[in-house]
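The structure under discussion appears below in the form of structure tokens.
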Amino acid sequence: MNFKQIGVSFKGSGSYVPNQILTNSKISNKVDTSDEWIKSRTGISQRRISGLEESVTQMGYKAAMSAIQMTKWDIETIDLIVLATSTPNDLFGSAPGIQAKLGANNAVAFDLTAACSGFLFALITASQFLKGGTYKRAIVIGADQMSSYVDWNDRRSCILFGDGAGAIAIEATNEFDNLIGFNMRTDGRKGSFLNLPSNKKKDSIIDNIEFSSGGFSPIQMNGQEVYKFAVREVPLIIQDLFKKVNYNSDKVDWLLLHQANQRILDSVGDKLKFSKGKILSNLQNYGNTSAGTIPLMMDEAIRKKTIKQNDIIATSGFGAGLSWGAALIKWG
Ligand code: UT7
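Residue numbering for the sequence shown follows our numbering, beginning at 82 and increasing consecutively.
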């Protein structure tokens, strides 16, 4: 394998959300909140919650299979599967489980963790293997089961999150590059604003040999700080990308941001001078599915023919790490 390739093309998309629906009014039976507060502060009306039999592997598999069906590829021709997740059902990696379920036996599959920027970072990572000529066909998945790690007694965070997955199929090409440009950033100094930390329970193996037993504490979030970070940094990283590749908002058909809060989407859109009609949003129905939001939104828009062949999409992921990034894509 070593193809002379210059770019990637976008060939298919898929997504999956669990059936269980948790509405705002149902949450208000558990914590002191209301449908009105959640809708006005976030734009979210409901979110999906995985059933007991569901997992990142299962959701990621369904999203990936749906993307592959759109491409009509022979599954044996897939070279690479990158799964972006922060909530794997196996800490050693959930991607090989997806590979096995797909029957993509010639692929190499691995997980990548970058929270809500995960899908974007995974897409850029997979694209490098394609552009470098190592692999030809890749599936990039974003899947998260946030419900397992949310503190359902913390009204400041539990209202935001939901479960879901999306996937995109990309292929190397020597004719053009539809990943027009990208930017990636992290700032670990601000990592404490959003964490899903290990809970460090002290135990001992024998005599004086101590160890920390495994396990995680629920999500801890400083919502106001994450909000301020997002509305400050996301416009800057997109503007910087536009400058690098000589683009501006007028040349872009769709702004597809990580679906965290409608107020963040609106503020970033305003700063970048995108009209409301160009800002894609489905968080009303799903909330924040972390690595799932961007491919879930993309798939929905592609299947509804909102995003059409050759449309230009400016996309940005942002969240824990802190991490953030942007990519400019031509669909097709
Ligand atoms: O992928 C990245 C993930 N994280 C994010 O995107 C988070 C970004 N941040 C946000 O979306 C917003 O900060 C939140 C939606 C989390 C909170 O909205 P806010 O407008 O920043 O609220 P706040 O934290 O400033 O709180 C305002 C008030 C407080 O009451 P007092 O102290 O003013 O009396 C809160 O106690 O709202 C109260 N509050 C609530 N009230 C009803 C906080 N959460 C709730 C709630 N229901 N669920």
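Ideal Cβ placement from N, Cα and C applies to all residues, glycine included.
Query                                                                                                                   : Result
Start-end ranges of the alpha helix (DSSP H) lying completely within the segment 200–242, minimum 4 residues            : 236–239
Residue environment, ASN289, which counts as buried when at least 16 other CB atoms sit within 10 Å                     : exposed
LYS143 classed as buried or exposed, judged by whether at least 16 other C-beta atoms fall within 10 angstroms          : buried
Between the CA atoms of LEU338 and GLY373 - distance to the nearest angstrom                                            : 12 Å
Coil, strand or helix - LEU193 by DSSP                                                                                  : strand
Pair within 7 Å by beta-carbon distance, SER415 and LEU346                                                              : This structure gives no information on residue 415, because the portion of the chain shown stretches from 82 to 413.
GLY304 CB to nearest heavy atom of the ligand UT7 below 6 Å                                                             : yes
Backbone CA spacing between ARG266 and SER228 [nearest angstrom]                                                        : 27 Å
Rounded separation between ALA181 and ASP113 - CA only                                                                  : 43 Å
Cα-Cα separation between GLY296 and PRO99, rounded to whole angstroms                                                   : 25 Å
Complete runs of the alpha helix (DSSP H) confined to the segment 133–169 [at least 4 residues]                         : 137–152
Test item: CB-CB of CYS197 and GLY400 under 7 Å                                                                         : yes
Assumed close pair VAL89, LYS217 - CB separation to whole angstroms, cut-off 8 Å                                        : Their Cβ separation, rounded to whole angstroms, is 10 Å, which puts VAL89 and LYS217 out of contact at 8 Å.
Neighbourhood of ASP192 by C-beta distance below 7 Å, restricted to the same chain and skipping five residues each side : LEU164, THR166, PRO169, GLY174, SER175, ALA176
Beta strand (DSSP E) segment containing GLN101, residue limits                                                          : 101–104
Residues bridged to MET265 [DSSP beta-bridge criterion]                                                                 : GLY406
Selected residue, minimal CA-CA separation from GLY269, among SER208, ASP171, PHE310                                    : PHE310
Residue from GLN127, MET302, ASP116, GLY124 with nearest C-alpha to SER274                                              : In the sequence under discussion, the amino acid at residue 274 is Phe, which differs from the Ser named in the question. The shortest Cα separation from PHE274 among GLN127, MET302, ASP116, GLY124 belongs to MET302.
Inter-stretch contact (C-beta, 8 Å, three-pair minimum) for the segment 147–160 and the segment 124–133                 : no
beta-carbon VAL163 near the ligand UT7 non-hydrogen atom, thresh 6 Å                                                    : no
Supposed contact pair PHE200 and GLY223 - C-beta distance, whole angstroms, cut 8 Å                                     : 3 Å
Reduced DSSP secondary structure (H/G/I, E/B, other) of TRP118                                                          : helix
Own chain residues within Cβ distance below 8 Å of GLU291, not counting five before or after                            : LYS283, ASP284, SER285
Distance cut-off 6 Å: GLY350 Cβ against heavy atoms of the ligand UT7                                                   : no
Those residues which DSSP pairs with ASP380 across a bridge                                                             : Its beta-bridge partners do not exist; DSSP assigns none.
CB contact flag (LEU322, LYS359, <7 Å)                                                                                  : no
Contact test: TYR328 Cβ vs the ligand UT7 heavy atom, cutoff 6 Å                                                        : no
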